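Below is one structure, written out as structure tokens; the observations come after it.
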Amino acid sequence: MVPYRHAVITGGAGFIGSHLAERLLAGGTRVTVLDDLSTGRRANLQAFLARGGRFVQGDAADPRLVRELFAEADAVVHLAAAVGVRLVVERAAECIERNLEPTRVVLFEAARRGLPVVLASSSEVYGRAAGARFHEEDDLVLGPPSRPRWAYACSKLLDEFLALALVRERGLRAVVVRLFNTVGPRQSGRWGMVLPRFIEQARAGGPLTVYGDGTQSRCFTWVGDVVRGLEALLSCEAAWGKVVNLGSDEEVTIRELAERVRARLNPAAPIAYVPYAEAYGPGFDDMPRRRPDLRRARELIGWQPTLDLEAIIDALARTPPGGPLPGGA
Ligand SMILES: NC(=O)c1ccc[n+]([C@@H]2O[C@H](COP(=O)([O-])OP(=O)(O)OC[C@H]3O[C@@H](n4cnc5c(N)ncnc54)[C@H](O)[C@@H]3O)[C@@H](O)[C@H]2O)c1
Numbered sequence: 024m025v026p027y028r029h030a031v032i033t034g035g036a037g038f039i040g041s042h043l044a045e046r047l048l049a050g051g052t053r054v055t056v057l058d059d060l061s062t063g064r065r066a067n068l069q070a071f072l073a074r075g076g077r078f079v080q081g082d083a084a085d086p087r088l089v090r091e092l093f094a095e096a097d098a099v100v101h102l103a104a105a106v107g108v109r110l111v112v113e114r115a116a117e118c119i120e121r122n123l124e125p126t127r128v129v130l131f132e133a134a135r136r137g138l139p140v141v142l143a144s145s146s147e148v149y150g151r152a153a154g155a156r157f158h159e160e161d162d163l164v165l166g167p168p169s170r171p172r173w174a175y176a177c178s179k180l181l182d183e184f185l186a187l188a189l190v191r192e193r194g195l196r197a198v199v200v201r202l203f204n205t206v207g208p209r210q211s212g213r214w215g216m217v218l219p220r221f222i223e224q225a226r227a228g229g230p231l232t233v234y235g236d237g238t239q240s241r242c243f244t245w246v247g248d249v250v251r252g253l254e255a256l257l258s259c260e261a262a263w264g265k266v267v268n269l270g271s272d273e274e275v276t277i278r279e280l281a282e283r284v285r286a287r288l289n290p291a292a293p294i295a296y297v298p299y300a301e302a303y304g305p306g307f308d309d310m311p312r313r314r315p316d317l318r319r320a321r322e323l324i325g326w327q328p329t330l331d332l333e334a335i336i337d338a339l340a341r342t343p344p345g346g347p348l349p350g351g352a
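Here the sequence shown stands for residues 24 to 352, where the numbers follow this note's numbering.
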């Protein structure tokens, strides 16, 4: 394990970043959060700031600011990105720019300074790849550029290529983490994340809106497990130069997810099925399944999720939307 004195987390006022910031701080690392509050919220940092964390509002694509903050740091976690299917579909050009430019600035500066980096990528890069479980070395199958949702996967994939190229060519110490659907307190349903949306809808009396016929399946990971994995990877030299999946492999169809949320929160709430075209416009593509192969994460850091879906739904049902993680996980 490599101990770090001072980590910079880009996107640290967001959902995952705010939990990670609290965790690193609690472990004795100084933490600076850099966030432009585009989808993140200052309120997410309440506990972090109360415990002495530092927040800088700014753009991770600003080279001067990044240079200044990295001068004081010895580790970087780069989470800043435009996230959410709806955001990508509605504002693809902005998403492409916001997923490429900050990553370019952050990775080149980290390479120049010799700082280790954890780079957040996404299971979206697997696209429509076939196979029961997605392995990091699998071929990838993305849809055509006429379908804007693939812009997110493509921009994340280019981030990955850049990180691994800098590892080979400039000695950057970076690990690329492909996160699968992550859930927990502080996640917003606004940009298309399904579980917080179902929970909000059930609390409001319904309907819970399932896009398509609901047979598409996903795996949901508790954010406390994800930030534990990110912290471990930051200190794992054997992971540098590698892509690593982080996510649960417990699969559930979206129809069943809606039924389980309804049963837990409001059995009287109706479930409505909305065609993709109505939800996202014509020509929207979805993937039928998305399930990770977790062998690499297990081998490198001994990681596996601790909360199953039942426990996740239960924890979310008991937690106020902006709250801390139950039990401090
Ligand atoms: N939540 C998931 O299920 C999931 C799945 C796969 C990948 N990821 C990846 O994990 C990371 C964090 O996602 P999240 O779910 O916490 O989303 P989020 O939207 O809550 O967090 C992203 C944060 O980045 C900030 N940001 C965006 N552009 C910025 C910029 N140019 N400069 C500074 N800050 C900027 C936003 O304000 C926000 O606080 C992202 O890179 C995302 O692609 C998340």
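Every residue, glycine too, gets a C-beta built ideally from N, C-alpha and C. Nothing here was measured: the structure is a model prediction, and the numbers come from that model.
Closest to residue i by CA distance: which of the options is it?
i	options	result
cysteine 118	Pro26, Trp173, Ile222, Trp245	Trp173
glycine 306	Arg193, Pro168, Ser271	Pro168
alanine 98	Glu183, Ala255, Arg209, Ser145	Ala255
serine 178	Leu187, Ala104, Phe131	Ala104
proline 328	Ala286, Ser271, Ile277, Pro315	Ser271
leucine 195	Leu253, Ser258, Val111, Val140	Val140
glycine 237	Ala292, Glu279, Gln224, Glu333	Glu279
phenylalanine 71	Leu330, Asp59, Arg87, Ala44	Ala44
alanine 94	Val31, Pro125, Ala188	Val31
arginine 127	Leu142, Ala116, Glu113	Leu142
glycine 207	Ala134, Leu332, Arg170	Leu332
alanine 340	Met310, Trp326, Asp309, Ala286	Ala286
glutamate 132	Val111, Glu159, His158, Ala96	Ala96
histidine 158	Arg136, Pro26, Lys265	Lys265
Would DSSP call residue i helix, strand or coil?
i	result
cysteine 177	helix
glycine 350	Here glycine 350 scores only 42 on pLDDT, less than 50, and its place in the model should not be relied on; the value that follows carries that caveat. Note: glycine 350 maps to helix in three-state DSSP.
alanine 401	The displayed coordinates of the chain run from 24 to 352. Any statement about residue 401 would go beyond what the structure contains.
glutamine 354	Any question about residue 354 goes unanswered here, given that the chain covers just 24 to 352.
alanine 143	strand
arginine 312	coil
arginine 77	strand
glutamate 157	Residue 157 is actually phenylalanine in this sequence, not glutamate. Strand, per DSSP.
Any chance the CB of residue i is under 7 Å from a heavy atom of ligand 2?
i	result
serine 178	The model on display carries ligand 1 but not ligand 2.
Distance, Cα to Cα, residue i vs residue j?
i	j	result
glycine 318	threonine 52	Here residue 318 is arginine; the residue named in the question, glycine, does not match the sequence. Distance between the alpha carbons of arginine 318 and threonine 52 is about 29 Å.
isoleucine 324	leucine 269	11 Å
glycine 229	alanine 186	43 Å
glutamine 69	histidine 101	21 Å
arginine 251	arginine 321	13 Å
isoleucine 277	isoleucine 335	15 Å
isoleucine 294	glutamine 224	10 Å
glycine 154	serine 144	20 Å
glutamine 210	alanine 197	26 Å
valine 199	leucine 130	12 Å
aspartate 82	valine 56	11 Å
arginine 90	proline 125	12 Å
threonine 205	phenylalanine 78	23 Å
arginine 191	alanine 134	11 Å
histidine 29	glycine 76	11 Å
proline 311	arginine 74	43 Å
Are the C-beta atoms of residue i and some chain B residue less than 8 Å apart?
i	result
threonine 244	Note that chain B does not occur in the displayed structure, where there is just one protein chain.
Check your understanding: Counting only runs that start and end within the segment 32–65, where is the alpha helix (DSSP H) found for 4 or more residues in a row?
Key -> 38–49
- Query: Which parts of the segment 166–232 are runs of the alpha helix (DSSP H), unbroken and 4 residues or longer, counting only runs that do not cross its ends?
  - Reply: 173–193, 217–226
Complete runs of the beta strand (DSSP E) confined to the segment 217–302 [at least 3 residues]: 231–234, 240–242, 266–269, 274–276, 294–297
| Is the segment 241–254 touching the segment 296–306, taking contact as three or more C-beta pairs under 8 Å? | Under the three-pair Cβ rule at 8 Å, the segment 241–254 does not count as touching the segment 296–306.
Open item on the list: Is it the case that the segment 39–51 contacts the segment 214–234, given that we only count it when at least three CB pairs across the two stretches are under 8 Å?
Closed with: no
Next item on the list: Within the segment 84–118, note down every full alpha helix (DSSP H) run reaching 4 residues or more, in order along the chain.
Entry: 86–93, 108–113
Given 8 Å as the limit, is there contact between the segment 29–40 and the segment 59–73, that is, 3 or more CB pairs closer than that? yes
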